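Asker: Protein chains in written order, with this note's numbering: chain A, 87 to 415; chain B, 4 to 266.
Below, the structure written as structure tokens:
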């Protein structure tokens, strides 16, 4: 085992998931302590050009599994490819984005490699006995400090927006081809289609800014003002469970314990009182704005900025202000 | 067709969680424990498959947990599972989901007869890691579908079509059985067991397995150790923006730009 660090660079249809660059900044920090090199691995079809670009983020070598059978994510072929990409440099640490792909892939590979794994971490550091990480439990109600046992491969997936992105610099990495030997058992599951959901607006898990509406929106049609504000901010639209259960928004937009747990840069809660189950889904956001007519609503306990106001009046005014800002920029 | 569902007992989502003073765990006295809501989706899905089809021979609910976890096996049995397997041994009391997956894999393999579908929750709401399902698929050498939002099993039970959630989209997949699926919210709505079914559940068989029954699980795969739990750092107090709506909007935008620097 070397002291090197391997970053799994996630891509879909040729676009690198931005959490990948955040993983690079973690990798660089860890490398200063382990004394090893930072490498990357990329899996897909026609991804060599992207691979070359990863040098700018600090990858010394990029291990590339490029194959028609890897065009779309499937757990078993990707697990085969990632395992091979880990075996080549034999790193001590593997970092992945804690995205849908990372969360699906990492446990399979960790189980296969008998690796130590910590998922969705918000801090990662090197200690004498292995990595020390911090992650949330019980829907963000508790923080846990964990040690990863240092005698084996250590895998860590990192939470979106918990770390700064590594800046792009110059650098041309050595490209190393990873041989892919798929077996028939790796082909047991076939992908037939990728269906976009939610009318082309960004998904809450991929946006840096999320504007959410609650049941006080009173109808699906009234969510228009939420969509307009989200659009002015280039953000995504979320909703409380009550709003989804009432049919105002699909469950794919639900933020909360049984919906999506998100940590955007800015979360604007409009007409959401802040039930425990909702707070569980957004309390990790960097900055929280709450707009609510009731000053005693629990959402104000987690908000950085509060507006005691009628959302039907304030939200369109905010949209105007942000649009002006964009025109000036 | 035989279906296994994997369930776990977790603190109720509305319960407040208090960390012990020494950080070694959470206060469990008086804490309301329930079947994980995502795992209940799996049980419900299994029962609905039986109601729709004539070929579901058996639904078995598996859990790893302390004696008290027998409560959630009864819940699954009252919802419609046929029998339970309760892996109950202090040696398996772990917060490492990869190890728990290894224990469950051993308990499922011990059944001898294989399962066509294994259903788990997308994640458990206590550890929030989502590692269990994919790792269990790996240990049982089964393909898995994570975060399933749609499932249609073929008439012969030998294959299925499913959808799974990803960022802003869903992947449609096809797969042969046997396979493992982790269930996302929205696919099914768990039923409340009726009183007669709660009574019937008391008569359904539950096998209890200990470390003696599952040899070779020495915990070598436990690659993490909890150092301490802490309550989350308090958020700074809310700054209320005052004024008429127009002023309020302008001031909020200014604060977000100049103070918080997020827009």
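Glycine included, every Cβ here is placed at the ideal spot set by N, Cα and C. Predicted, not measured: the structure shown is a model, and the values here were computed from it.
Whole angstroms is fine: what's the gap from residue 224 of chain A's alpha carbon to residue 227 of chain B's?
Answerer: 18 Å
Asker: Listing by chain order, which chain A residues have their CB less than 7 Å from the CB of residue 117 of chain B?
Answerer: Those within 7 Å of residue 117 of chain B in chain A number zero; the least Cβ separation is about 14 Å.
Asker: Rounded to whole angstroms, what is the Cα-Cα separation between residue 249 of chain B and residue 243 of chain B?
Answerer: Distance between the alpha carbons of residue 249 of chain B and residue 243 of chain B is about 15 Å.
Asker: In terms of residues, what are the limits of the alpha helix (DSSP H) holding residue 109 of chain A?
Answerer: 105-120
Asker: If the cut-off is 9 Å on Cβ atoms, which residues from the region 122-150 of chain B count as contacting chain C, listed in chain order?
Answerer: Chain labels in this structure do not include chain C; the protein chains are A and B.
Asker: What do you reckon, are the CB atoms on residue 188 of chain A and residue 111 of chain A nearer than 7 Å?
Answerer: no
Asker: Should residue 185 of chain A go down as buried or exposed, given a rule of 16 or more other Cβ atoms within 10 Å for buried?
Answerer: buried
Asker: If you reduce the DSSP assignment to three classes, tell me which class residue 241 of chain B lands in.
Answerer: coil
Asker: Taking 7 Å as the CB-CB limit, is residue 179 of chain A close to chain B?
Answerer: no
Asker: Under the DSSP definition of a beta bridge, which residues are partnered with residue 65 of chain B?
Answerer: B:9 and B:88
Asker: Which residue wins for smallest C-alpha separation from residue 134 of chain A, given the options A:200, A:259, A:351 and A:397?
Answerer: A:259
Asker: Which residue spans inside the region 29-61 of chain B form an unbroken alpha helix (DSSP H) run of at least 4?
Answerer: 40-55
Asker: Apart from the five residues just before and just after residue 207 of chain A, which ones in its own chain have a Cβ nearer than 6 Å to its Cβ?
Answerer: 219, 221, 242 and 244
Asker: Kindly identify the DSSP beta-bridge partner or partners of residue 172 of chain B.
Answerer: DSSP output for residue 172 of chain B lists A:282 and B:169 as bridge partner(s).
Asker: Could you tell me if residue 334 of chain A is buried or exposed, where buried requires 16 or more neighbouring beta carbons within 10 angstroms of its beta carbon?
Answerer: Classification of residue 334 of chain A: buried, given that the 10 Å Cβ count is 16 or more.
Asker: Where residue 107 of chain A and residue 94 of chain B are concerned, what is the direct C-alpha to C-alpha distance, given to the nearest angstrom?
Answerer: 40 Å
Asker: Rounded to whole angstroms, what's the CA-CA distance from residue 222 of chain B to residue 96 of chain B? Just pull it up for me.
Answerer: Their Cα atoms are separated by approximately 11 Å.
Asker: Determine the extent of the alpha helix (DSSP H) in which residue 367 of chain A is found, giving its start and end residues.
Answerer: 362-368
Asker: Does the beta-carbon of residue 80 of chain B have 16 or more other beta-carbons within 10 angstroms, so that it is buried, or is it exposed?
Answerer: Residue 80 of chain B should be labelled buried.
Asker: Please say whether residue 77 of chain B and residue 204 of chain B have beta carbons closer to each other than 7 Å?
Answerer: yes
Asker: Confirm the yes/no value for this check: CB of residue 174 of chain B, any heavy atom of the ligand NAP, distance under 6 Å.
Answerer: With respect to small molecules bound, the structure shown includes none, and the ligand NAP cannot be examined in it.
Asker: According to DSSP, what are the bridge partners of residue 231 of chain B?
Answerer: Here residue 231 of chain B is bridged, per DSSP, to A:231.
Asker: Out of A:397, A:170 and A:410, which has the shortest C-alpha to C-alpha gap to residue 198 of chain A?
Answerer: A:170
Asker: Taking the C-alpha atoms as reference points, what is the distance between residue 111 of chain B and residue 149 of chain A?
Answerer: 37 Å
Asker: Please name the residues in the region 205-220 of chain A whose beta-carbon is closer than 8 Å to at least one beta-carbon of chain B, in chain order.
Answerer: 205, 206 and 218
Asker: Please list the residues of the region 63-95 of chain B that have a C-beta atom closer than 8 Å to any C-beta atom in chain A, keeping them in chain order.
Answerer: none
Asker: Any residues in the region 170-191 of chain B with a beta carbon nearer than 8 Å to a beta carbon of chain A? Which ones, in chain order?
Answerer: Per Cβ criterion, the list reads 170, 171, 172, 173, 174, 175, 176, 177, 178, 179, 182, 188 and 189.
Asker: Return the chain-ordered list of same chain residues with a C-beta closer than 6 Å to the C-beta of residue 94 of chain A, the five sequence neighbours on each side being excluded.
Answerer: 127 and 182
Asker: Three-state secondary structure (DSSP) at residue 105 of chain B?
Answerer: helix
Asker: Taking the beta strand (DSSP E) that residue 391 of chain A belongs to, which residues open and close that run?
Answerer: 391-394
Asker: For residue 338 of chain A and residue 283 of chain A, which I take to be in contact (beta-carbon distance under 8 Å), what is that distance rounded to the nearest angstrom?
Answerer: 5 Å
Asker: Which one of A:332, A:235 and A:209 has the shortest CA to CA distance from residue 31 of chain A?
Answerer: In the structure as shown, chain A starts at 87 and stops at 415, and residue 31 of chain A therefore has no counterpart that could be examined.
Asker: Please list, in chain order, the residues of the region 87-107 of chain A that have any C-beta partner in chain B closer than 9 Å.
Answerer: 98 and 103
Asker: How many angstroms separate the CA atom of residue 159 of chain B from the CA atom of residue 4 of chain B?
Answerer: 9 Å
Asker: Can you give me the start and stop residues for the beta strand (DSSP E) that residue 87 of chain A sits inside?
Answerer: No beta strand (DSSP E) holds residue 87 of chain A; DSSP gives it neither H nor E.
Asker: Does the region 227-243 of chain A come close enough to the region 372-392 of chain A to have 3 or more Cβ pairs within less than 8 Å?
Answerer: no
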